[in-house]
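**Student:**
There are 2 protein chains.
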Amino acid sequence: MENRNKIIDCTIRDGGLVNNWDFSVSFVQDLYNGLSEAGVEYMEIGYKNSPKLLNATEPNPWRFLDDNFLKEIIPEKKFTKLSALVDIGRVDPNDILPREQSVLDMIRIACYIREVDKGLELVKMFHDLGYETSLNIMALSSVPEHQLIEAFEMVKESPVDVVYIVDSFGSLDPMDIEHQVKKFKAMLPNKQLGIHTHNNMQLAFANTLTAMRNGVSFLDSSVYGMGRAAGNCHTELLVTHIQKPSYEVKPVLRVIEEHMLEMRQKWEWGYIIPYMISGTLNEHPRVAMAYRNSDDRDKFVDFYDKVTSPESSISSLSK
Amino acid sequence: MENRNKIIDCTIRDGGLVNNWDFSVSFVQDLYNGLSEAGVEYMEIGYKNSPKLLNATEPNPWRFLDDNFLKEIIPEKKFTKLSALVDIGRVDPNDILPREQSVLDMIRIACYIREVDKGLELVKMFHDLGYETSLNIMALSSVPEHQLIEAFEMVKESPVDVVYIVDSFGSLDPMDIEHQVKKFKAMLPNKQLGIHTHNNMQLAFANTLTAMRNGVSFLDSSVYGMGRAAGNCHTELLVTHIQKPSYEVKPVLRVIEEHMLEMRQKWEWGYIIPYMISGTLNEHPRVAMAYRNSDDRDKFVDFYDKVTSPESSISSLSK
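Here the protein sequences line up with chains G and A, keeping their order. The numbering of the first sequence is the UniProt record's numbering, which starts it at 1 and goes up by one. The numbering of the second sequence is the UniProt record's numbering, which starts it at 1 and goes up by one.
#1: Specify the secondary structure class of MET43(A) as computed by DSSP and reduced to three states.
#2: Could you work out which residues of chain A lie near TYR304(G), taking near to mean beta carbons separated by less than 8 Å?
#3: Using the DSSP secondary-structure output, state which residues sit across from THR133(A) in a beta bridge.
#4: Can you tell me whether MET175(A) is buried or exposed? The criterion is at least 16 other CB atoms within 10 Å of its CB, across all chains shown.
#5: Let's test the definition: count the other Cβ atoms within 10 Å of the Cβ of LEU97(G) and tell me whether it reaches 16, buried, or not, exposed.
#6: Mind pulling the chain A residues with CB within less than 8 Å of VAL301(G)?
#7: Give the range of the beta strand (DSSP E) segment to which ASP9(A) is assigned.
#8: What did DSSP end up calling SER316(G) once you bin it into helix, strand or coil?
#9: CB of TRP267(A) to nearest heavy atom of the ligand MG: below 7 Å?
#10: Sort out for me which residues DSSP pairs GLN192(G) with in a bridge.
#11: Which residues in the same chain as ARG90(A) place their Cβ atom closer than 7 Å to its Cβ, once the five residues preceding and following it in sequence are excluded?
#12: With the cut-off set at 8 Å, would you say THR11(A) and MET212(A) are in Cβ contact?
#13: Which residue from THR197(A), LEU261(A), ASP298(A) and ILE272(A) puts its Cα closest to that of ASP14(A)?
#14: Look at the alpha carbon of ALA84(G) and the alpha carbon of ARG108(G), and state the distance between them as a whole number of angstroms.
#15: Note the first and the last residue of the continuous beta strand (DSSP E) segment covering VAL86(A).
#16: Show which residues of chain G have a CB atom less than 8 Å away from the CB atom of GLU236(A).
#17: Which one of THR308(G), ASP302(G) and VAL252(G) has the shortest CA to CA distance from GLU37(G)?
#18: Does the Cβ of LYS77(G) have 16 or more other Cβ atoms within 10 Å, making it buried, or fewer, making it exposed?
#19: Quick one: residues in its chain with C-beta nearer than 6 Å to the C-beta of GLY16(A), no 5 flanking neighbours on either side, listed in chain order?
#20: So the beta strand (DSSP E) ASP220(A) belongs to, where does it begin and stop?
#21: Which residue's Cα is closest to the Cα of LEU209(A): LYS124(A), PHE303(A) and LEU237(A)?
#22: How about CYS233(G) and SER221(G): are their beta carbons less than 8 Å apart?
#23: I need the straight-line Cα distance from ARG4(G) to VAL239(G), nearest angstrom please.
#24: Cutting at 7 Å between CB atoms, please list the residues of its own chain near residue 389(G), excluding the five before and the five after it.
#25: Which partner residues does HIS198(G) have in the DSSP bridge list?
#26: Can you tell me the Cβ-Cβ gap for ASP95(A) and GLU132(A), rounded? I've got them flagged as a contact below 8 Å.
#27: By alpha-carbon positions, which one of SER24(A), VAL40(A) and VAL25(A) ends up nearest to residue 320(A)?
#28: Distance, Cα to Cα, VAL162(G) vs ILE137(G)?
#29: Would you check if the distance between the CB atom of GLY119(A) and the CB atom of GLY279(A) is smaller than 8 Å?
#30: Cα separation between GLY270(A) and TYR224(A)?
#31: What does a CB cutoff of less than 6 Å around SER158(G) pick up in its chain, not counting 5 residues either side in sequence?
#32: In the DSSP output, which residue or residues are listed as bridge partners for LYS48(A)?
#33: Could you tell me which chain A residues have their CB closer than 9 Å to the CB of ASP176(G), listed as they occur along the chain?
#34: Based on Cα-Cα distance, which residue from ASN20(G), LEU261(G), TYR32(G) and GLN29(G) lies nearest to TYR47(G)?
#35: Return helix, strand or coil for HIS234(G), following the three-state DSSP convention.
#36: Tell me, please, whether the CB atom of MET226(G) is closer than 8 Å to any CB atom in chain A?
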């Protein structure tokens, strides 16, 4: 049977949440070439949000992708397709070219469960412009069942190609993933599914494998795991472990050797105790991220006491 | 239903393979107290091999455990039981006290499949002296099925309490583990099972959970994963994730905060690319460990080429 899995490398997009997208053009080009040689099917090269709608004062090419800029830096597409993520309320339709005029192949729409209607409007717009689309419902671990059922009634009528299971907080284990995948498959039999994991409990790779073995075909990852807080499933692990003749791990190893070790010295992501704790508690990592930027960064017991104390809620800590 | 899982923390024993057992007495005492407060059932405090049989020229108290020394440093046992590992051909029966005169509760016997007969002789000796015993068959991923079947014929007649599935090379994934556990259970219905994992592919925790969910009750781990090469399943993850009222993660966090961060600066273990590669290739990590001690330590592509080249076998590299 043909292996229909597809890897979407999110190093630039999710990794940008670590370093405010402080990536050089030559790094992004090296990554694109490496992923193409490795047989990785997609590279998410950033966000396609509107700088105007976000009141941006600084240029940030990977956060506000521009088609002319993309054509300049990737004048010739290789094996790997390009995708971009957008957020609800941050897209300016005037920024969007039809697919045949763009370097981008896929647009992924991130939304919370309460915004699925708005997400599907964007899906329709991008779909009509010719793009492949996905809907990435964030913070799934906190979504009540009945809201999911309601949302899926709309989703299954939409033209969206892929629906993602997103473990935003890194709080799910392989049994949870299996349960979610079965639910998604039963409720959305006409859609392809995707998985986006975080590594708070060192389960990102295992969760991705579990999803794959239960029929999920779009697998998100990042080279050396670079992504917000605990980071993502590692691209090099997927490429080496999944049986697909086109995958080659060596080009990914080269990117790690030439770039990622140095970047990991400069910026922090991965299995770090406060992120493990926030994952276990099914909480957004923002409180832990703030803590890691404070002088108390390594006071794990103090952090644990703060976030589990009944008097001080996790949200008050983040102020 | 009562949770019958037991955690065996191997920080000193397997971690000693990282730093030649360069642990201070006060660290080992802090660890013992922390594990007791955390509700961890066993602590493997080292090897009980004979310095004479190993021609040791230097004292190494955690490698050559001595009952008098143990009584001195742990004058009062708390919650956590103590275990020691022994290797075939390295045990001097004259070194071994009956259990009631020893601080040790359990002796675990490590052996390769070809030595199971010798392993079971040691099991019998330690069992007759009153110890709990386990048989840890190493390098399971390279054992042919028929050898396992033959060995198990002997094992099931022996008085051994626990038989371990040991993923020495960190090469197994959760599906492999499930398959092995089912085989072990079918062939050894009268024995408890144990699991010892390595984290080469970031699967140590997931593999341990998979084993547990399939009926394995003895779960090996190390605080902050400290163990040879890629290290082990993390004790803090098991204690926080497994539902058992007696488990408390905070004492383990304290040990990490006070000791492990500094130790990780000084010594290396964990997810490191050459170990990932050796795990993927189902090879002993010794070649990767030698590489990490050379000037080429971060030349991942070069390492990959060397260990996958048909001309230079992995064993010739280790010379």
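Note that the Cβ used here is the ideal one computed from N, Cα and C, for glycine as well. Predicted model, so just to flag it, every value in this text is computed and none were measured.
**Tutor:** Here's the rundown:
#1: strand
#2: VAL249, LYS250 and LEU253
#3: Residue pairing for THR133(A): DSSP places it in a beta bridge opposite ILE107(A).
#4: Result: exposed.
#5: exposed
#6: LYS250, LEU253, ARG254 and GLU257
#7: 6 to 9
#8: Low per-residue confidence applies at SER316(G): pLDDT is 46, beneath 50, and the placement is therefore not dependable, though the value from the model is reported in the following sentence. In the structure shown, SER316(G) sits in a helix (DSSP, three-state: H, G or I).
#9: As presented, the structure is devoid of all ligands, the ligand MG included, so that no description of it is given.
#10: VAL162(G)
#11: ASN49, SER50, LEU53 and LEU54
#12: no
#13: THR197(A)
#14: 6 Å
#15: 81 to 87
#16: ILE273 and MET276
#17: Answer by Cα proximity: VAL252(G).
#18: LYS77(G) comes out exposed.
#19: TRP62
#20: 218 to 221
#21: LEU237(A)
#22: Result yes, Cβ atoms of CYS233(G) and SER221(G) sit closer than 8 Å.
#23: 14 Å
#24: As shown, chain G starts at 1 and ends at 319. That puts residue 389(G) outside it, with no answer to give.
#25: According to DSSP, which records beta bridges pairwise, HIS198(G) is partnered with nothing at all.
#26: Not a contact, Cβ separation roughly 18 Å.
#27: Because residue 320(A) is not part of the residues shown, which for chain A are 1 to 319, the question remains open.
#28: 11 Å
#29: no
#30: 9 Å
#31: So the list reads LEU120 and VAL123, once near-sequence residues are dropped.
#32: PHE64(A)
#33: Near ASP176(G) there are no residues of chain A at all, since even the closest Cβ is about 11 Å away, more than 9 Å.
#34: ASN20(G)
#35: strand
#36: no
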